[in-house]
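Participant: Protein chains in written order, with full-length UniProt numbering: chain G, 1 to 408; chain Y, 1 to 408. Every residue, glycine too, gets a C-beta built ideally from N, C-alpha and C.
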DNA sequence: CCTGTATGTACGGAGCACGAACATACCTTG
DNA sequence: CAAGGTATGTTCGTGCTCCGTACATACAGG
């Protein structure tokens, strides 16, 4: 029995976990994780590059990477030609396409997408399933996810490292339980993480869709190696995933990122949430379509950003002005994030990407105009380079960061 | 010469630094830092407590803490009575009052406050200096800071571990240069960090005032051991310091926290910064006084939160309503932070604290009303327990975290 | 006084990174 | 083509730190 009198405080999700001390046995684990991290951050690197980067001897790198090559995670690439000074050509190391894959799931209202992803970020195979979005039979949802995974797990492949699930709604990341999905209210309360873990006997990690997208950018996209950036989803809804200090930010229980309900117009339009002037009320498809109806734009009730941009480019009456207002409304919320956190880089996902360079350039200009000059840190707006794969790759990144004990 | 062809990317402030691998020599440094961290997070702990907490043997803790006791940083407290089960009484370890102190500086427009702080967070001595706030002679400012420090550095004390400087304005934390101080424009561009480092020959760390306050809460106040919280300064201005994942957040160059210019009323009152509807325009003394003048409250032009709260408590006509509107305006900005980051705890500093429990309770209620229920994470509002010392203690925490290589 | 319990310390053993030296492979130059 | 230079990757003995076990110390309770 432990002494109760001087016993440390009981566990509390808001308390910082005490990092255990490093023992000789764990040094190699920690170092292995850091080497893998460097590869993800920078790309293929030779042993000598890794030694310089991590400030250890080449001999040490050898002993760290050799087991990873032996167990099939890493593989040596073709020799790189040596420089003009001569020297033995280096053999860059990178994740083997035949290494243990990762299962990635995107759970949307009404359907499930899944993929098997290699450690290097290649999508090896995909599968999808439909389910009735308005169902209250949560068993059918779990079945849909499980069946999709079964399609991926063929006997000729090694078992997956784990399963990452991105949910288009609010999730408690500590318990892997769905809290709320707007267009599928029946999913509320479903402990999807535990149920899939029981069926697959694999570690399962569940997180919010915008945060998973940020993980995609962080591991496989423009966020690689960056300390701080924001991934913004904008389209029919708004959401943000924040990478701060190299880790994706999660509030207690995985809260945070509900940027759609931040207030940008205190006495503005009423929002579904009961407040007034949420960012959602002026920067989503709903607002865009309401305005388009008033302006008598074609197909106003199903308008999206791409068609609006094309109407504006053609000079359709009212379209250009609406486009500009939409961009400025987006800029307001982005500015607020920049003022508070100064991530510096905003990676855009969702339908907003259909706005093209006209939208990106204008948006960047508006955000810069609204953020007073801070030396050497002009905010940048970019479209995600991962396109439609960002969520599935992010779900793989979720598994990677947790399973390999890398930066979370 | 290094090979250029496979050379890793050049250094970039927005890139994450690659943590060097751990060698047998550095294991002890890392572990020592983690033991010290545990003491700061929890308070005095015996060797056995530390062993349980850090998951190493008591023997290891002994070898880690013995040098710290020998060099005077830690000291054994009085034996704690053993529990009913018996056993040898434990000797709690804590920072010795005679350990190497830390110099803390608060640079305000027109005057300088400084203190010598023990590692345990006790203010050992203080000193102040005035300087003309409207000066363009930056030498006089550096002299004022330096003279104040000289007052503290008496020959009978060991040399300080370092100097932490909190600046009431925008600062580039990478270079230690002042970017802008609202009421002392002459300070812009002053490389205060480098200049004080040259004079004192000590390591000097410079940061923004709200962020330093957050560090005070994080090391010595209610933020101890917490993973995530926000420290809000509210009074004549607004500013926020964020602790996320155990570290205080800094954007590139130390940007971020300029919450006063986040937009909460897109078509609202014009702000000094050129935009409309910044939070500043509805939640600072300026707004409060403008409203008080319109309501004909007594001493309206110099009104602060304390007198307003007392007028409201006495039922003075209009005061109660103004008080409520002020609280709700504060709640808007806090809600936005909660929606984005979900820090869960907001520690208030500045004149707003004079509003007392009436203000705190109402503010908490408003923020909770505005944030849709997230399971098990109701946001909390608290006043700083450090009162007027929070900035100086935070400046000490700034030095601690950097000098001891603890979590930044 | 003896047993039980808990704290703090001493000592041989094991794991891992380090440094130096070596094998390998390519370049340039005469 | 041979020699010298340069860079990569590997081998092997050394040293640092933590681990497990055992032991000394100190208090409670019967």
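1. Pick from G:19, G:165 and G:34: whose alpha carbon is nearest that of residue 21 of chain Y?
2. Are there 16 or more other CB atoms within 10 angstroms of the CB of residue 408 of chain G, so buried, or fewer, so exposed?
3. Since residue 146 of chain G meets chain Y, which of its residues come closer than 7 Å, beta carbon to beta carbon?
4. Bridge partners for residue 383 of chain G per DSSP, in chain order?
5. Who are the Cβ neighbours of residue 385 of chain Y in its own chain at under 7 Å, not counting the five residues just before and after it?
6. What is the DSSP secondary structure of residue 323 of chain Y, counted as helix, strand or coil?
7. So residue 370 of chain G contacts chain Y; which residues on that side make the cut at Cβ distance below 7 Å?
8. Looking at residue 166 of chain G and residue 106 of chain G, is the spacing between their C-beta atoms short of 8 Å?
9. Measure the beta-carbon distance from residue 262 of chain Y to residue 333 of chain Y and round it to whole angstroms, keeping in mind my assumption that it falls under 8 Å.
10. Along the chain, where does the beta strand (DSSP E) containing residue 94 of chain Y start, and where does it finish?
11. Is the beta carbon of residue 61 of chain Y sitting closer than 8 Å to the one on residue 75 of chain Y?
12. Does any residue of chain Y have a CB that is nearer than 8 Å to the CB of residue 2 of chain G?
13. Measure the C-alpha to C-alpha separation of residue 7 of chain Y and residue 243 of chain G and round it to an integer number of angstroms.
14. Under 7 Å Cβ-Cβ, which residues of chain G neighbour residue 262 of chain Y?
15. Per DSSP, which residues does residue 209 of chain Y bridge with? Please list them.
16. Since residue 145 of chain Y sits in a beta bridge, which residues does DSSP pair it with?
17. Where does residue 265 of chain G sit, in a helix, a strand or coil, going by DSSP?
18. Can you tell which of Y:366, Y:265 and Y:123 has the C-alpha that lies nearest to the C-alpha of residue 394 of chain Y?
19. If contacts are defined as beta-carbon pairs under 8 Å, then residue 116 of chain G and residue 161 of chain G qualify, I think. What distance do you get, rounded to the angstrom?
20. Straight-line CA distance for residue 215 of chain Y to residue 388 of chain Y?
21. If I follow the unbroken beta strand (DSSP E) through residue 259 of chain G, where does it start and stop?
22. Are the C-beta atoms of residue 321 of chain G and some chain Y residue less than 8 Å apart?
23. Tell me whether the beta-carbon of residue 183 of chain G lies closer than 8 Å to the beta-carbon of residue 133 of chain G.
24. Which residues in chain G have a C-beta closer than 7 Å to the C-beta of residue 227 of chain Y? List them in chain order.
25. So if DSSP puts residue 229 of chain G in a beta bridge, which residue, or which two residues, is it bridged to?
26. Closest to residue 391 of chain G by C-alpha separation, out of G:233, G:197, G:360 and G:296, would be which residue?
27. The stretch 129-141 of chain Y: which residues have C-beta closer than 7 Å to a C-beta of chain G, in chain order?
28. Going by other Cβ atoms of all chains shown within 10 Å of its Cβ, with 16 needed for buried, is residue 313 of chain G buried or exposed?
29. Name the two residues that bound the continuous alpha helix (DSSP H) containing residue 285 of chain G.
30. Can you give me the Cβ contacts of residue 26 of chain Y inside the same chain, cut-off strictly under 7 Å, excluding the 5 residues immediately before and after it?
31. Per DSSP, what kind of secondary structure is residue 80 of chain Y in: helix, strand or coil?
32. Compute the Euclidean distance between the alpha carbons of residue 245 of chain Y and residue 131 of chain G, then round it to the nearest angstrom.
33. For residue 323 of chain G, which residues in the same chain have their Cβ closer than 7 Å to its Cβ, ignoring the five residues on either side in sequence?
34. Leaving out the 5 sequence neighbours to the left and right, which residues in its chain are closer than 6 Å to residue 306 of chain Y when beta-carbon positions are compared?
35. Which stretch, first to last residue, makes up the alpha helix (DSSP H) that contains residue 377 of chain G?
36. How should residue 292 of chain Y be labelled, buried or exposed, when 16 other C-beta atoms within 10 angstroms of its C-beta is the threshold for buried?
Facilitator: The answer reads as follows:
1. The residue with the shortest Cα to Cα distance from residue 21 of chain Y is G:34.
2. Low local confidence applies: a pLDDT of 48 at residue 408 of chain G is under 50, so the model's placement there is unreliable, with the coordinate-based value given in what follows. With a 10 Å radius around the Cβ and a threshold of 16 neighbouring Cβ atoms, residue 408 of chain G comes out exposed.
3. Using a Cβ-Cβ cut-off of 7 Å, residue 146 of chain G is close to nothing in chain Y; its nearest Cβ partner there is about 25 Å away.
4. DSSP lists G:348 as partners of residue 383 of chain G.
5. Contacts found: 221 and 222.
6. When secondary structure is reduced to three states using DSSP, residue 323 of chain Y falls in the helix class.
7. For a Cβ distance threshold of 7 Å, residue set 275 of chain Y lies close to residue 370 of chain G, ordered along the chain.
8. Cβ atoms of residue 106 of chain G and residue 166 of chain G: closer than 8 Å.
9. Yes, residue 262 of chain Y and residue 333 of chain Y are in contact; Cβ-Cβ is about 7 Å, under 8 Å.
10. Unbroken beta strand (DSSP E) run through residue 94 of chain Y: 93-95.
11. Not closer than 8 Å, so no.
12. With a pLDDT of 32 at residue 2 of chain G, under the threshold of 50, the modelled position of this residue cannot be trusted; read the value that follows with caution. Yes, its Cβ sits closer than 8 Å to a Cβ of chain Y.
13. The predicted position of residue 7 of chain Y is uncertain, since its pLDDT is 33 and thus under 50; a value taken from the coordinates is nonetheless stated next. Our two residues, residue 7 of chain Y and residue 243 of chain G, have alpha carbons roughly 26 Å apart in a direct line.
14. Listed along chain G, the residues sitting closer than 7 Å to residue 262 of chain Y by beta-carbon distance are 336, 339 and 340.
15. Looking at the DSSP output, residue 209 of chain Y bridges to nothing.
16. Bridge partners of residue 145 of chain Y according to DSSP: none are assigned.
17. In the structure shown, residue 265 of chain G sits in a strand (DSSP, three-state: E or B).
18. For residue 394 of chain Y, the nearest C-alpha among the options comes from Y:123.
19. Rounded to whole angstroms, the Cβ separation of residue 116 of chain G and residue 161 of chain G is 10 Å, and the two are not in contact under 8 Å.
20. Taking the CA atoms as reference points, residue 215 of chain Y sits about 14 Å from residue 388 of chain Y.
21. Note, residue 259 of chain G: premise wrong, no beta strand (DSSP E); not H, not E.
22. Interface with chain Y (8 Å Cβ-Cβ cutoff): residue 321 of chain G is excluded.
23. The answer is yes: Cβ separation under 8 Å.
24. Within chain G, the residues near residue 227 of chain Y are 14, 15 and 16.
25. Looking at the DSSP output, residue 229 of chain G bridges to G:243.
26. Here the closest residue by C-alpha is G:233.
27. Across the stretch 129-141 of chain Y, no CB contact with chain G closer than 7 Å is found for any residue.
28. Sixteen is the threshold: since fewer than 16 other Cβ atoms of the shown chains lie within 10 Å of the Cβ of residue 313 of chain G, the residue is exposed.
29. Taken as a continuous stretch (DSSP letters only), the alpha helix (DSSP H) holding residue 285 of chain G covers 285-294.
30. The beta carbon of residue 26 of chain Y sits closer than 7 Å to none of the beta carbons in its chain outside the five residues before and after it.
31. Here residue 80 of chain Y sits in strand by DSSP.
32. If you draw a straight line from the Cα of residue 245 of chain Y to the Cα of residue 131 of chain G, it comes to about 37 Å.
33. Cβ neighbours of residue 323 of chain G within its own chain (closer than 7 Å, five residues either side excluded): 308, 309 and 312.
34. Here the set comprises 354.
35. Counting along the chain, residue 377 of chain G falls outside any alpha helix (DSSP H), and DSSP gives it neither H nor E.
36. Residue 292 of chain Y should be labelled buried.
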